[in-house]
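Presented below is the structure to which this report refers.
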Amino acid sequence: MDGNKKLRYVAFSIGSILVLLLLCLEMTHVRNYSVFTLNISRTIVFDFWCDLSLDSGAKWALAKKAGYVFWFVTLSAGLATSWYFRKETSILLNKIHQSV
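The sequence shown: position 59 = 65 (the numbering used here), numbered continuously.
Okay, structure coming up:
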């Protein structure tokens, strides 16, 4: 593996970590003194999708299922975007490394 390919994987890893961090932001971080959670049903994104499903007229059980489905759809879209832009991100990281 050459250095450019390694840098692309580093760029993808950075993008994946950012996606996971954004998706795991906790809805009520004041109570637990933490910002992130591993429980999907307590994240801001899950709450957003559930509220959107409830506003469209769905019952709570269906809205909760839709929240889980759309949370994972959002995760996969974020990972796909990170994979798609790995080359551009690696070029940017290379320029930053050369300027330092």
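Ideal Cβ positions, reconstructed from N, Cα and C, are used throughout, including at glycine.
Quick caveat: nothing in here was measured; it's all calculated off a predicted structure.
Reference Leu13, options Leu99, Ser105, Thr43, Phe76, closest by Cα: To locate residue 13, count along the sequence shown from 1; it is residue 7. Measuring from the Cα of Leu13, the nearest candidate turns out to be Leu99.
Cβ neighbours of Leu85 in the same chain (closer than 7 Å, five flanking residues each side left out): Translated into the one-based positions of the sequence shown, residue 85 becomes position 79. Closer than 7 Å at the Cβ level, and outside the excluded window around Leu85, lie Ser22, Val25.
The stretch 45-64 contacting the stretch 90-106, beta-carbon criterion three pairs below 8 Å: no
Ile20 versus Tyr90 - alpha carbon distance: Working through the sequence shown from its first residue, we reach residue 20 at position 14. Working through the sequence shown from its first residue, we reach residue 90 at position 84. The straight-line gap from Cα to Cα measures roughly 13 Å.
Close beta carbons around Met7, own chain, < 8 Å, minus the five adjacent residues each side: Here residue 7 refers to the residue found at position 1 when the sequence shown is read from its first residue. Residue placement at Met7 is flagged as unreliable, the pLDDT there being 46, under the threshold of 50; the coordinate-derived value follows with that caveat. Counting only Cβ-Cβ distances below 8 Å, and skipping sequence neighbours, we find nothing.
For Phe91, three-class secondary structure by DSSP: For this step, residue 91 is matched to residue 85 along the sequence shown. Residue state, collapsed to three classes: coil.
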